[in-house]
Amino acid sequence: DFGRSSELAFVVEPSDDIAVQEQPLILYCQVEGIQPITITWRKNGVMILDSENAFMLANGSLYVSRFQRVREDGSSDEGEYDCMAQNHYGLVVSRKAKIQAATMSDFHIHPQNAVVEEGGVARFQCQIHGLPEPVILWHKNSMPVNTDNERYTLLPKGVLQITGLRAEDSGIFHCVATNIANVKFSREARLTVSGSHSTVYKDPMILVGPENLTLTVHQTAVLECIATGNPRPIVSWSRLDGRPIGVEGIQVLGTGNLMISDLTVQHSGIYVCAANKPGTRVRRTAQGSLVVQAPAEFVQHPQSISRPVGTTAIFTCVAQGEPPPQITWLRNGQILETSDHIKLKNNNSTLSIYGINQADEAIYQCLAENSAGSTQASARLTVLWADGLPSPPQGVRAETVSATTIQVSWEKPLQNTKEIIGYVLHIRKAADPVEMEYQEAVSKSTFQQLVTDLEPSTSYSFYIKAYTSRGASKASEVTVVSTLGEVPAMPSLFIKVINSTTVQATWEPSIKLGQHKGFKLYYRKVHLSQYTGPVLLASNVTAYNITHLDASVVYEVKLLAYNQHGDGNSTVRFVSLRETVERTVLNPPCDCMKDEQNNKTSTTGIIIGIHIGVTCIIFCILFLMFGYRGRLLMCKNVQEQLSTPQIPRSQRSTTGLVLNGATRRDRDDRDLNGKQLDMNELERLFPASPSQEQQEKGITSAHSPSAPHDETQISTLPLDEFSIIEEQPDPLPKNPHGSSPAAPAPKHGPANEG
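For the record, in the sequence shown the residue sitting at position 413 is 413 according to full-length UniProt numbering, with numbers rising by one throughout.
What follows is the structure in structure tokens.
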């Protein structure tokens with residue numbers, strides 16, 4: 001890089017212009033850079049040769065002696081001109097300058113006669129096209145209209161508005177259009193002001209609303225809106241999108257015309273003019289769109305760079321404008337064509353040159369262009385090359401090791417090997433673009449590299465460069481080799497028991513299956529060595545039922561995925577159907593042929609439940625009756641009871657105890673014998689668990705004859721010796737089992753389902 005002064009760049013570029021017929025025209029072009037510099041001009045892409053009519057000045061500008069829109073031979077001096085500058089380092093092209101001839105057409109809209117009542121609004125319009133845009137002035141009775149009168153409003157597009165008409169406003173009006181090409185006069189129109197100011201109410205009405213405009217930034221927009229009504233309506237403006245119009249550069253012309261000076265892109269939008277009746281909500285509206293264009297301009301210019309041979313050069317060019325500009329790249333003034341090592345990305349904003357060589361050294365230009373204008377920027381690529389660099393590495397070979405690994409080997413260069421500090425292996429998928437390449441560094445004493453983490457069944461390209469402290473060698477020859485194919489991954493396998501002879505295997509397919517893919521299913525009894533299968537299943541199958549199994553053994557189920565490269569690793573699951581069989585025995589399935597027998601069994605259970613309930617109720621009533629009477633009736637009067645010593649409870653006769661106990665047991669035995677058949681039926685329907693049997697054994701021991709009983713003695717006394725006393729309860733003897741001696745043993749039986 002020789003510094004800024006060495007860069008070939010434009011100081012002055014030609015600009016758009018409007019030329020006057022038969023008048024001279026000068027297009028300026030000034031360039032800086034290392035001499036010698038050659039400047040040439042093109043019109044519409046064709047080289048301009050010096051002639052009597054057009055030739056280049058000493059400072060590089062183009063001089064057209066007599067500009068003509070149409071020459072005798074049919075050619076024209078109108079067109080797009082650009083300037084080209086070239087030196088030893090490259091060539092640059094200026095922006096395109098659009099040159100047009102100054103013209104003016106005839107009026108295509110003339111003012112019309114008008115009769116308006118006093119106090120009303122009059123509007124005259126004339127319209128004419130020309131380059132540059134003609135300036136239109138109005139005359140009344142052959143004299144320029146007094147613009148100091150605030151009731152007279154002149155709009156740039158050739159409109160004259162007169163509000164609050166008076167009798168003295170009557171007269172003859174016409175307009176005068178002027179530009180560098182010509183001066184023209186419109187036809188005349190008469191304005192007649194009639195009568196006096198009317199007081200009759202009139203709804204607001206918009207005579208003329210805003211028209212659609214397309215302008216360029218920094219220009220001025222005038223949106224017309226003229227309204228009538230009685231009383232005089234109030235005109236207001238707003239944006240359809242609700243955004244504020246703002247105040248900077250905004251001005252109201254006359255009674256309601258909106259003028260926006262120094263336009264920006266943010267002024268684009270739809271504007272709404274509203275005519276409101278004072279003090280009411282009565283209104284009329286009209287709208288028009290404003291489109292503001294901006295010429296292309298650069299946000300980021302490309303920068304000149306220097307890069308060693310074999311490296312990558314990247315230029316970035318970011319432009320903005322409205323509408324968004326299109327970006328084109330030139331190489332030494334010619335359209336740049338992309339290739340394997342020249343790529344354009346990000347809507348042409350980024351130019352990447354991979355593996356640069358000396359032929360890539362040039363000046364690269366970025367042209368940004370839209371309908372509002374164009375601009376250009378340039379940058380130079382310098383390719384660094386040092387003498388004495390190594391020659392390319394020799395004998396590059398690549399051998400496939402596995403589905404994800406390739407070994408690359410090479411031999412050292414033939415020349416200039418003393419300064420080598422290492423090698424760089426360049427790796428890329430053969431189908432990928434050059435920018436997807438990546439590198440691996442290798443020491444200078446190593447001549448092979450194991451490249452891992454590759455994709456199966458994929459082709460890769462490899463080449464080597466030798467590096468010194470002064471730069472890299474040229475690239476070696478490129479070798480391409482493919483990795484081996486890969487078998488599918490292990491599928492996820494799940495086993496679900498359907499019934500005592502059937503299981504269902506379900507799985508998720510592997511995402512790595514190749515073409516001709518599918519699944520193989522095997523199963524066997526665990527004590528056998530031979531599998532049943534394989535059962536071949538298509539790749540879209542995710543479930544399979546294995547039937548006719550033996551419920552008394554454990555089965556092994558194995559599933560694997562396969563493709564054209566072989567079988568993948570298998571997933572193994574073990575399953576037993578024994579628990580399913582046991583659950584089936586304990587809970588037999590519904591048999592519709594046995595409905596009648598089941599109904600009989602249910603009836604028997606209900607009857608047994610009723611018998612047990614009634615027996616318990618009777619027993620409880622008797623127990624309460626005898627216990628309550630024994631505590632209230634005493635056999636002795638108060639005096640004998642006080643004088644006669646009490647016999648200890650332990651010495652009382654146990655005859656009644658034994659007899660009563662025997663009687664009770666006999667009654668229980670009779671009840672049990674009467675219900676034995678029903679209990680057997682219950683046990684068959686509701687088999688007891690081991691824990692229940694143990695509980696019943698424990699309960700049976702509680703009914704042992706050795707268990708003490710507290711019986712109440714009843715005596716008969718004469719009525720005259722009968723008295724009532726309050727009995728003090730004696731302390732009860734402790735039961736060796738820790739339970740109350742009089743507590744009846746609870747009865748355990750099957751729960752009543754009814």
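From the three backbone atoms N, C-alpha and C, an ideal C-beta is built for every residue, glycine too.
In this text, all values refer to a predicted model and were calculated from it rather than measured experimentally.
Between residue i and residue j, what straight-line distance do the alpha-carbon atoms span, to the nearest angstrom?
i	j	result
Gly-487	Ser-539	The sequence given here has Val at residue 487, not Gly. The alpha-carbon atoms of Val-487 and Ser-539 are separated by roughly 14 Å.
Asn-357	Trp-329	19 Å
Arg-578	Val-480	59 Å
Val-183	Val-235	35 Å
Pro-390	Ser-473	5 Å
Ser-459	Gln-530	41 Å
His-565	Gly-485	6 Å
Phe-185	Arg-95	38 Å
Leu-27	Leu-91	20 Å
Glu-7	Val-20	36 Å
Arg-380	Ala-313	11 Å
Glu-396	Arg-307	Residue identity differs from the one stated: residue 396 is Val in this sequence, not Glu. About 26 Å.
Ile-245	His-267	8 Å
Ala-97	Ser-349	23 Å
Met-259	Lys-43	39 Å
Cys-620	Gly-605	23 Å
Ala-368	Thr-311	27 Å
His-341	Gln-365	18 Å
Val-193	Thr-103	37 Å
Met-490	Leu-528	24 Å
Should residue i go down as buried or exposed, given a rule of 16 or more other Cβ atoms within 10 Å for buried?
i	result
Ala-441	exposed
Phe-462	buried
Arg-428	buried
Tyr-438	exposed
Cys-273	buried
residue 756	The structure shown does not extend to residue 756, since the chain is modelled only from 1 to 754, so the question has no answer here.
Val-93	buried
Gln-125	buried
His-611	exposed
Glu-399	exposed
Ala-296	buried
Ser-142	exposed
Ser-75	exposed
Thr-616	Going by the sequence as given, residue 616 is Cys instead of Thr. So Cys-616 counts as exposed.
Leu-336	buried
Tyr-89	buried
Ala-543	exposed
In this structure, does DSSP put residue i in helix, strand or coil?
i	result
His-174	strand
residue 755	Because the chain in this structure spans residues 1 to 754, residue 755 falls outside the shown range and cannot be described.
Glu-188	coil
Cys-29	coil
Ala-167	helix
Phe-315	strand
Phe-447	coil
His-527	coil
Asp-16	coil
Glu-579	helix
Val-265	helix
Leu-381	strand
Gly-620	Reading off the sequence shown, one finds Cys at residue 620, where the question assumed Gly. DSSP places Cys-620 in helix when its eight states are reduced to three.
Asp-360	helix
Glu-435	helix
Met-490	coil
Should residue i and residue j be called a contact, given that it needs their Cβ atoms to be closer than 8 Å?
i	j	result
Leu-191	Gly-171	yes
Val-176	His-139	yes
Gly-195	Glu-133	no
Ala-189	Leu-207	no
Gly-229	Gly-288	no
Asp-77	Gln-68	yes
Lys-496	Tyr-522	no
Tyr-467	Val-424	yes
Ser-339	Ile-363	no
Val-265	Ala-294	yes
Ile-18	Val-31	no
I'd like to know if residue i contacts chain B, where contact means its C-beta is closer than 8 Å to some C-beta of that chain.
i	result
Val-575	Structure shown: chain B not included; a single protein chain is present.
Problem set entry | alpha helix (DSSP H) segments (min. 4 residues) lying fully within the region 276–307 | none
For this session: Go through the region 35–104 residue by residue and report every complete run of the beta strand (DSSP E) that reaches 3 residues or more, in order.
Result: 38–43, 54–56, 62–64, 79–87, 90–93 and 97–101
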